[in-house]
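A short worksheet on the structure shown next.
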Amino acid sequence: HFGSSVASYFIFLRWMYGINMILFGLTFGLVMVPEALMGKPYGSLPRKTVPRAEEATAMNFATLWDFSGFAQYSVLFYGYYNNQRTIGWLKFRMPLSYFLVGVGTIGYSFMIVIRTMARNANEDGGGDDTSFNFSWKMFTSWDYLIGNPETADNKFASITTSFKEAIVEEQESRKEENIHLTRFLRVLANFLALCTLAGSGYLIFFVVRRSQKFALEGLENYGWWERNEVNMVMSLLGMFCPTLFDVISSLENYHPRIALRWQLGRIFALFLGNLYTFIIALMDEINLKASVLFLFTIFNRHMCKDEDFQQLEEEKIVKYNMTIWEASLYNGTIPENSTAPPIQVDPADVPRGPCWETMVGQEFVRLTVSDTMTTYITILIGDFLRAVFVRFFNYCWCWDLEYGFPSYSEFDISGNVLGLIFNQGMIWMGSFYAPCLPAINVFRLHTSMYLQCWAVMCCNVPQERVFKASRSNNFYMAMLLFILFLSTLPAVYTIVSIPPSFDCGPFSGKTRMFEVISETLEHDFPSWFGKVFGYASNPGLILPFILLMVLSIYYLNATSKSYKEANLELKKKLQSVRSR
1 HFGSSVASYF
11 IFLRWMYGIN
21 MILFGLTFGL
31 VMVPEALMGK
41 PYGSLPRKTV
51 PRAEEATAMN
61 FATLWDFSGF
71 AQYSVLFYGY
81 YNNQRTIGWL
91 KFRMPLSYFL
101 VGVGTIGYSF
111 MIVIRTMARN
121 ANEDGGGDDT
131 SFNFSWKMFT
141 SWDYLIGNPE
151 TADNKFASIT
161 TSFKEAIVEE
171 QESRKEENIH
181 LTRFLRVLAN
191 FLALCTLAGS
201 GYLIFFVVRR
211 SQKFALEGLE
221 NYGWWERNEV
231 NMVMSLLGMF
241 CPTLFDVISS
251 LENYHPRIAL
261 RWQLGRIFAL
271 FLGNLYTFII
281 ALMDEINLKA
291 SVLFLFTIFN
301 RHMCKDEDFQ
311 QLEEEKIVKY
321 NMTIWEASLY
331 NGTIPENSTA
341 PPIQVDPADV
351 PRGPCWETMV
361 GQEFVRLTVS
371 DTMTTYITIL
381 IGDFLRAVFV
391 RFFNYCWCWD
401 LEYGFPSYSE
411 FDISGNVLGL
421 IFNQGMIWMG
431 SFYAPCLPAI
441 NVFRLHTSMY
451 LQCWAVMCCN
461 VPQERVFKAS
471 RSNNFYMAML
481 LFILFLSTLP
491 AVYTIVSIPP
501 SFDCGPFSGK
511 TRMFEVISET
521 LEHDFPSWFG
531 KVFGYASNPG
541 LILPFILLMV
551 LSIYYLNATS
561 KSYKEANLEL
571 KKKLQSVRSR
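Here the UniProt record's numbering is used: the first residue of the sequence shown is 1, the next is one more, and so on.
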């Protein structure tokens, strides 16, 4: 009913749903369930207990909706997990499992995206055969085995839409245009798009500065909007800027397929700037200046400095304060060689150290939930209520609402595709700090599939110019791969370079998170295996291996291009022989 371009979005969404089911199975089966069944129960440790000052509001709906209170001190977030090497009667190695699941989800995602791109490239390697296109559609499109009336109606709509797509392709191939006017309009459109991107970046910068001021003055003194201003502004920009880009793209007079890619690229730049501005705001909020400098190195190639690790200084202060608190239990003295029995203190009364990993996970969960709610509200208001207004008020209005303003809405392919891609980027980036994120995303994708399908069939109309989408989704996959790479950088940098919080999480007490691997090799494997692993991880061996891989990829890519050109040449020869 709506053409292959709209269908490509739902095919892509279904594929993403399958990926997230695998990620959910890994995090749920190897991290959350073992900790819930075999780990120490709630209330046994300070990291598993709501502080005394927060107990009164820990079960309030507003607190739980903000993923604080009991939700914060649960298996949903990083800080709840204990650093004990083995848990339960199975001796399950929780820190090792948490680390391997985090690394494995990223590795699996890279593997499946690249494999899908390679399979799509093979399917699309022969090019399109447009010879006698309308004749083939006229005489071979109908399926004479159809016996169901609804299936027949759907097949009729599919054939009609395919004819519309073929007509648009033929019109675009024969179109003549004023090249000078077209170039001027395209330059103007790009200038307006750059101005929109710059304005969006300045607005986010301004809102982040305001949120930092609110945090310093105390968020409890402000209302709901001030506490969620950054998330709401990012969601609103993601909702209105794509519409503005769509208006700007009407000046360029591109082929619909090329116009869609330009639209995707502009919204991609918008969302990417918003996402990394959000990350920088998070890192600044928890005083991780080193992470901010690292993010800037992606663009500026500067090196981070050791004096920027202010998180360590903050933890030293907290550790000292906790030592003073423990000493106060012994009448204000700190004996050097104390033999007194330990004092039993309720875990809710024990002072807590900073847990920046849980803070990061909470922000990603909140952003995912707010983005989901914004999407659903947009569908209900922007599509459903608009369609109801046009349908029932058209009879008593001054002009034709269906063909004039506001009319029925069209399905926004570019906005929905990029919203799906960037939401997945947040899942990849935040699932290490919040193991519940894949489960939330599975629920989001499941409901989005049916809600958006209902909205398209009931509230939207096909585009004025239905165009044929490419036979592969490799353009979507390329953007998804780029987002996966950008989402992996902060998480990998955190694992390799930033010390974990000393008072929460499965890696507390370690200098770096990856030390869990060396600890496992030391205690659970023979000494010769540790030596072999050390030799294999030597940079002198890894760098030549990477160089060999790059050369192999270059060779295979060149071979693939030559085979593709040979196939196209053979196809031309066959067509010339057939036309004789």
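For every residue, glycine included, the Cβ atom is placed at its ideal position computed from N, Cα and C.
Quantities reported herein were computed from a predicted structural model and do not represent experimental measurements.
| query | result |
| --- | --- |
| As a quick exercise: from 196, 152, 19 and 529, pick the residue whose alpha carbon is nearest that of residue 115. | 19 |
| Take the Cβ of residue 552 as the centre, count every other Cβ of all protein chains shown within 10 Å, and call the residue buried at 16 or more, exposed below. | exposed |
| Is it a yes or a no for the stretch 63-76 touching the stretch 357-370, going by three-plus beta-carbon pairs under 8 Å? | yes |
| What is the DSSP secondary structure of residue 162, reduced to helix, strand or coil? | helix |
| Going by C-alpha to C-alpha distance, which of 540, 500, 477 and 507 sits closest to residue 8? | 477 |
| Alpha carbon to alpha carbon, how far is residue 119 from residue 576? Give it in angstroms, no decimals. | 29 Å |
| Kindly indicate which three-state DSSP category residue 22 falls into: helix, strand or coil? | helix |
| Could you check where the alpha helix (DSSP H) with residue 355 kicks off and where it finishes? | Note, residue 355: premise wrong, no alpha helix (DSSP H); not H, not E. |
| Mapping the DSSP letters down to three states, classify residue 92 as helix, strand or coil. | strand |
| Have a look at 210, 209, 188 and 268 and flag the residue whose alpha-carbon is nearest the alpha-carbon of residue 251. | 188 |
| So, at 8 Å on beta carbons, what are the nonlocal neighbours of residue 355 in its own chain, with the 5 sequence-adjacent residues on each side left out? | 47, 78, 79, 501, 503, 504 and 505 |
| Which value, in whole angstroms, describes the spacing of the CA atoms of residue 579 and residue 403? | 45 Å |
| Starting from residue 452, trace the alpha helix (DSSP H) both ways and give me its first and last residue. | 437-459 |
| Measuring straight from C-alpha to C-alpha, what distance separates residue 5 and residue 257? | 9 Å |
| By a C-beta neighbour count over all protein chains shown, 10 Å radius and 16 as the cutoff for buried, is residue 291 buried or exposed? | Here the model assigns residue 291 a pLDDT of 41, short of 50, so the residue's position is not dependable, and the following value carries that caveat. Counting Cβ neighbours within 10 Å, residue 291 comes out buried, since at least 16 surround it. |
| Would you report the Cα separation of residue 295 and residue 211, rounded to the nearest angstrom? | In this prediction, residue 295 scores a pLDDT of 39, lower than 50, which makes its location untrustworthy; the coordinate-derived value is nonetheless stated afterwards. Approximately 20 Å, taken between the alpha carbons. |
| Comparing alpha-carbon positions, which option in 52, 391 and 487 lies nearest residue 461? | 391 |
| How about residue 26 and residue 97: do their beta carbons lie closer than 7 Å? | no |
| Below 7 Å between beta carbons: does that hold for residue 167 and residue 141? | no |
| State the CB to CB distance for the pair residue 484 and residue 101, rounded to an integer number of angstroms; the pair is presumed to be in contact (CB under 8 Å). | No, residue 484 and residue 101 are not in contact; Cβ-Cβ is about 17 Å, not under 8 Å. |
| Please classify residue 452 as buried or exposed, where buried requires at least 16 neighbouring CB atoms within 10 angstroms. | buried |
| Looking at residue 372: is its Cβ nearer than 7 Å to the Cβ of residue 444? | yes |
| Any contact of the stretch 429-443 with the stretch 373-384, i.e. 3+ C-beta pairs under 8 Å? | no |
| By how many angstroms is the C-alpha of residue 441 removed from the C-alpha of residue 265? | 24 Å |
| Between which residues of its own chain and residue 378 is the CB-CB distance below 7 Å, once the five residues before and five after are set aside? | 239 |
| With H, G and I counted as helix, E and B as strand and the rest as coil, what does DSSP make of residue 498? | coil |
| Could you tell me the distance, in whole angstroms, from the CA atom of residue 333 to the CA atom of residue 87? | A caution first: residue 333 carries a pLDDT of 48, below 50, which makes its placement in the model too unreliable to give a value. |
| Measuring alpha carbon to alpha carbon, tell me which residue in 350, 530 and 246 is nearest residue 52. | 350 |
| Could you give the DSSP three-state label for residue 410: helix, strand or coil? | strand |
| Does the beta-carbon of residue 357 have 16 or more other beta-carbons within 10 angstroms, so that it is buried, or is it exposed? | buried |
| Looking at the structure shown, is residue 2 part of a helix, part of a strand, or coil, going by DSSP? | coil |
| Can you give me the start and stop residues for the alpha helix (DSSP H) that residue 557 sits inside? | 539-579 |
| Can you list, in chain order, the residues of its chain with a C-beta nearer than 7 Å to that of residue 108? Leave out the 5 residues immediately preceding and following it. | 22 |
| With a threshold of 16 other CB atoms inside 10 Å of the CB of residue 41, please say whether the residue is buried or exposed. | exposed |
| DSSP three-state label for residue 377, please. | helix |
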